[in-house]
Each structure stands twice: as structure tokens, then as C-alpha cells.
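As given, the protein sequences belong to chains A and B, one line each in that order. For the first sequence, the positions run 1 to 384 when UniProt numbering is used. For the second sequence, the positions run 1 to 131 when UniProt numbering is used. Accompanying notes for the structure given below.
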Amino acid sequence: MRKVAIIGTGMTKVDKHWRKSLKELFGEAGIAALNQTGSPAIDCLIVGNMCASDLSDQNNIGALLADYLGFVPNTAYRVEAACGSGGAAFLAAYSAVASGMYDVVMTGGVEKLTDGVGGNTTLSLGKAADAEYELFYGSSFVSLNAMIMRYYMDHYGVPREAFADFAVLMHRNGSRNPFAQLPFEIKRETVLNSDMISDPITLFDCAPVGDGAAALILCPLEDAKKYSDDFVEVAGISGATDTINIASRESLLSFRSTVTAADRAYRMAHISPADIDVAEIHDTFTITGVLSLEDLGFCERGKFHKMMMNGAFEPGGVVAVNPSGGLKSRGHPVGATGAYQIAELFLQLTGRAGKMQVPDASIGLAQNIGGSGSSTYVTVLRRV
Amino acid sequence: MSVPRYWREIPRRTRLETVKCSECGTVAYPPRARCGKCGSSNFENYRLPEKGRLVTFTIVRNPPKGFEKMPPYIIGVVRLEDGTIITSQLTDVEPEDVSVGMEVEAAFRKVVEDGDSGIIQYAIKFRPVVK
Ligand SMILES: [Zn+2]
């Protein structure tokens, strides 16, 4: 296996992009990444997307985007793993370069949620769950996570306010991110007093619905200098699964897919959680962020609140968590989120993260979840 | 929902019929092709118990398409008497009277109607056990 580098990235702001289509969004991110790397020939395009067939009446995204970006006749395909599509596409792209099959690969993700009308978007996002044994009963994606949150609160005796404080931290971080969908600070009361969506989850426990695209270009590490002075090494990577429906799990207090993927990625990179300087974790809901902190080995189970209030998850603490604002504030263009996370780490490790910059960041981790923990993709990046 | 797609799941969703691994005894709900515990693909038919306790729940206020007329309704995770855990709706109870740990039992109920001319979908929901 060859070592693999990321040599360039591009992102759009996450937003309700009423004037831009799916392909225009990815085109914008793709061109930005190409411009950073001297516009190399792209041997293969592997893109993550979840909802295009439901909300934009479009399948065959690989060909659509290869055509739009002028990559025809080269290989292109889409990877779908619900909200984990971006991370899954990155794993496929990594494997394609590491194996020697392709030399220069563009990956990333794109999502156009605002083309959905009415309950279509909620339904489409819900399809990450088990259609016959969860959705059938009227469960939505929020309601499954709400049941996990209630269980967590009961089990550890953690008050609801503690989760609100997680959202407050994410918005404080995101207020410094020029690409964030919700770049403003909030108060604990903002979360507590916002509309109840599915008890105990309120609107401000949830990542917003938005559009966005992020693109990344990969090549063999030994070739990276040919294309760019700024590149980072993919030091560890893995994906793992859990049962599709949450009721079949051994525990509702942990996502086994995250634990497994992280463990494998740490071993591959020869590091432990303590070595990570900056992490972009998957906080679709505040509860998802909290479980992820625990599953990745950043804090003891049930104890996140005190650590968080003592600054453990900020620069200078245990690990800087979601300097981008995470899904909560940067936004969650579902199939693109995993690609945003990795693009943001690329900026951190090359010292170009602006106001979000974590000082001396040299090892970064991205954790991208599909469904309510049914799949997770973990990527560890190292400054070269 | 198409009629065959609805019809295929009737044994599970209306009679709680599923399978149990012949090698290690693990109950699979819904059925699997291979046992997640031991890897065996030998299963025997198994009927889940109808009583259990509520593990966790939520009240859906922002429903997915098709359920617009229903909220607020309650989705719950129930641990049945044999330890099998299952997701369904709670029924015959108001949201404010639901509590974690309460005893519940299976009840055959309507879930949703597919518009004016589509099929009416039924399944087992769970209701509080009245003592
Ligand atoms: Zn077995």
C-alpha cells in the first residue's frame, strides 16, 4: 500500500443556496481544489451524497459531476452511507490511491437539501434508519436520537442543560468560521427555549438543514510536492458498522461503529486519543456529539459536562473539538459533512484556518457518522 | 407503500413472529441471514413475548411525510420479557402519562393510511398494562 496525501481542498459556505444547483455547488468546491493544486488531471472522482435521488430527482451523480467538471471520460461514482457518505467516499478515494489503482483522485461530498419540499426532506433524511422496522412506525431521524438522549440522561443523571452547553460551545466556535451556516453565538436559554422537535431534543440541539459541497484532492504522498507546497498525510483511516436499527444494539450509550473505527484508525496511525490536537466530530444532535467525545476516548462516560466547562475541548485543553463549529454551527449538508470535516482539518494542519486556527496543530481526527451510529468513518491526518 | 412490501412483513409486525439462532439461541428481530453473535445461518421460528418494559421514548412533534395528521405521537423502545428489544409506537396513553420503566403489552393497532385509496397499515403497538 502506498502512503496517501491530501494536496488541496475547496468548500462552499454551508447555506440555503437557493440560486445554486447540486452540480453548481460541487463545481465551485471542485474548481477551488483544482486551483490550489495546479489543476492536475483527475483519474477518478468519488463523491459522497445522500439525498439527490429523493430531493433533486437525480441519480448517477458521478457522471453528472464528471461531466460538469470536465473529467469525462475518466472514472466517477457516488458513495452513499447516509450522513456518513462524505467519510465513506474519502475512504474509497484513499483506498483507490493507496492500492495504486489511481494516482490523482478527487473526492468530497455534495448535498442540496433545500430542493426538498415540505416533509420530503425529513423523510429523506430518515431513510438512514431501518425503513421497515423504524420508519414504518413514524420514527424520524430526530426521534431515534431523542430516545438515545433520554436514555443517556436517565442513565447518568446528566441534566438537560449540560447538552445545551455543548451547543453553546459549538456556536462560539462556529462564529469564527467564514463557511458556517449559523455563525453566531447563542446562550444556554436559546437551546432550552427553542421549539421542541422530539422530546427531549429541541431545535437548537439539532444541526441545521443546509446545502453545501466540499472537495479534496488526493495523490501518493511521494508525489505530493509536485502539486502543492501544502499537503498533509492520511496517517490512519477506518470505517465500521453497527446494526441498522438502534433497538438491536447491545447498548444505547455508545456507538460501537465509532469505537471500532477509531480503534483501528488509531492503531494504523500508531497514536492514542491523547495525541490528537484537533478533532472534527459528528454532532448531528448534541447527544451525538457527547457520545462521540466518549466513543473516541476523549472523556470518561457520563462526565463530559465538567470537562467541557473547564475548557477540555478547546485549544490548550485535552483536544480542540470542532473549531469549525461542528455540524451544529458550521452546518450539516449531510453527504458532504464528512468531506467538510477533513477539509477543515487540512486547513488546521497547514496553518491556514484563520480565526479558527488551533495553535501548533499537527495531528487531526475526523469522525463522520452515517445514520444513528450504524456506520462511522474515522480519518487521522498528520502534518508533514 | 406497495401491497407486497406491506404484506411481506405482516408476520413480524402484527404477530411478533421472528427467528432464533439454532446454534447459540440468540433471538434476531427482525430476522437476519446470519447470526450476528455466532455466524450460524440456521434459525428456527420464534414468537416474541407480548409484554415488556419501556426503555426510552420520545414524542414526535415534527413528523415525517405520511404522518402529518398524527402528532404528537409516541415512539418507544421496549425490552420484552425475553430481553429482545423492539421499536414501535405507544398507544392508548397520553404523552404526559408515559414513563421509562412502565409495563407495556402488545396491542394490534392502525399505524397509518396511504391516502384515500391506498392500504391501511396495521402493526403491533404497545400500551400500558392496566392493573
Ligand atoms: Zn448464533
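For glycine and all other residues, C-beta sits at the position ideal for the given N, C-alpha and C.
Residue-level contact check: E50 of chain B does not touch chain A, since none of the beta carbons of chain A fall below 8 Å from its beta carbon. Between V290 of chain A and chain B, the shortest Cβ-Cβ separation is not below 8 Å. Taking each of A:Q357, A:D115, A:S140, A:R256 in turn and checking the Cα distance to I201 of chain A, the smallest one comes out for A:S140.
Less than 8 Å separates the beta-carbon of L113 of chain A from that of V209 of chain A. Contact of M70 of chain B with chain A by beta-carbon distance below 7 Å involves G138. Scanning A:T9, A:T260, A:A240 for the CA closest to the CA of Q348 of chain A turns up A:T9. Under the three-state reduction of DSSP output, N177 of chain A falls in the coil class, being neither helix nor strand. Contact between the region 42 to 62 of chain A and the region 22 to 29 of chain A is present: three or more C-beta pairs spanning the two stretches fall below 8 Å. Within the model, the alpha-carbon separation for M101 of chain A versus V4 of chain A is close to 12 Å. With a cutoff of 7 Å, T26 of chain B counts as near ligand 1, since its C-beta is closer than that to a heavy atom of the ligand. For I59 of chain B, the C-beta contacts it makes with chain A under 9 Å involve S143, A146, M196, S198, D199, in order along the chain. Between L16 of chain B and the set B:S88, B:P64, B:A33, the nearest pair of CA atoms involves B:S88. Excluding residues up to 5 positions away in sequence, T18, V19 lie with their Cβ nearer than 6 Å to the Cβ of P31 of chain B in the same chain. At a threshold of 7 Å, E250 of chain A does not count as near ligand 1, since its beta carbon sits no closer than that to any of the ligand's heavy atoms. Under the criterion of beta carbons closer than 8 Å, I246 of chain A and S372 of chain A qualify as touching, at roughly 5 Å.
At a cut-off of 8 Å between beta-carbon atoms, L123 of chain A makes contact with chain B. A98 of chain A sits away from M11 of chain A, with the two beta carbons spaced by 8 Å or more.
Taking the C-beta atoms as reference points, K328 of chain A is found nearer than 8 Å to A207 of chain A. Following the DSSP letters along the chain, one finds V142 of chain A inside the alpha helix (DSSP H) bounded by residues 141 to 156.
The Cβ atoms of V129 of chain B and L54 of chain B lie no closer than 8 Å to each other. Shortest Cα-Cα distance from P49 of chain B to any of B:Y122, B:C38, B:G118, B:V104 involves B:V104. The Cβ of E134 of chain A sits closer than 8 Å to at least one Cβ of chain B.
Residues of the same chain with a CB within less than 7 Å of the CB of F231 of chain A, apart from the 5 flanking positions on each side, are A5, I6, I7, A224, V384 in chain order. With a threshold of 7 Å, the Cβ atom of C21 of chain B counts as near ligand 1, since some heavy atom of the ligand is closer than that.
Between R330 of chain A and K125 of chain B, the alpha-carbon positions lie close to 39 Å from each other. Ranked by Cα distance from T286 of chain A, the options A:P159, A:A265, A:T122, A:P40 are led by A:P159. N62 of chain B belongs to the set of residues whose beta carbon lies under 8 Å from a beta carbon in chain A.
Collapsing the DSSP output to three states places D195 of chain A in coil. Under a criterion of Cβ atoms nearer than 7 Å, no residue of chain B is adjacent to G8 of chain A; the nearest Cβ is some 39 Å distant.
Proximity of the beta carbon of S41 of chain B to ligand 1 is not indicated: no heavy atom of the ligand is located closer than 7 Å.
Between the alpha carbons of A312 of chain A and F304 of chain A lies a gap of roughly 9 Å. I197 of chain A and Y137 of chain A have their alpha carbons spaced roughly 17 Å apart.
A residue is called buried once 16 or more other Cβ atoms fall within 10 Å of its Cβ, and A41 of chain A, having fewer, is exposed. The DSSP-derived three-state label of S238 of chain A is strand. The Cβ neighbour count for P323 of chain A, taken over all protein chains shown within 10 Å, is at least 16; the residue is labelled buried. Residue pairing from DSSP leaves S124 of chain A without any beta-bridge partner.
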